[in-house]
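One structure is given here, and the rest of the page talks about it.
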Amino acid sequence: MIHHLPIIIGMLVAIVSPIVSYYVKIPLVLVEFIIGILFGTILEKDIP
Numbered sequence: 018m019i020h021h022l023p024i025i026i027g028m029l030v031a032i033v034s035p036i037v038s039y040y041v042k043i044p045l046v047l048v049e050f051i052i053g054i055l056f057g058t059i060l061e062k063d064i065p
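Our numbering puts the first residue of the sequence shown at 18, with every later residue one more than the last.
Right under this line is the structure:
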């Protein structure tokens with residue numbers, strides 16, 4: 018299950034980040050950067 022997680026997260030980021038950037042009026046790259054850092058730290062905690 019854990020090896021499918023990055024794919025699922027990637028799909029979620031692709032769907033969510035344009036919506037967030039549209040409503041929050043911040044650049045799309047910045048949204049993806051923040052989400053990438055958040056999920057990166059979460060995934061690093063899960064993987065020993």
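Using N, Cα and C, we set each Cβ at its ideal position, and we do this for glycine too.
query: Which residues in the same chain as residue 35 place their Cβ atom closer than 7 Å to its Cβ, once the five residues preceding and following it in sequence are excluded?; result: 45
query: Using 9 Å as the threshold, is the C-beta distance between residue 38 and residue 29 below it?; result: no
query: Taking the alpha-carbon positions, what's the residue 31 to residue 56 distance?; result: 13 Å
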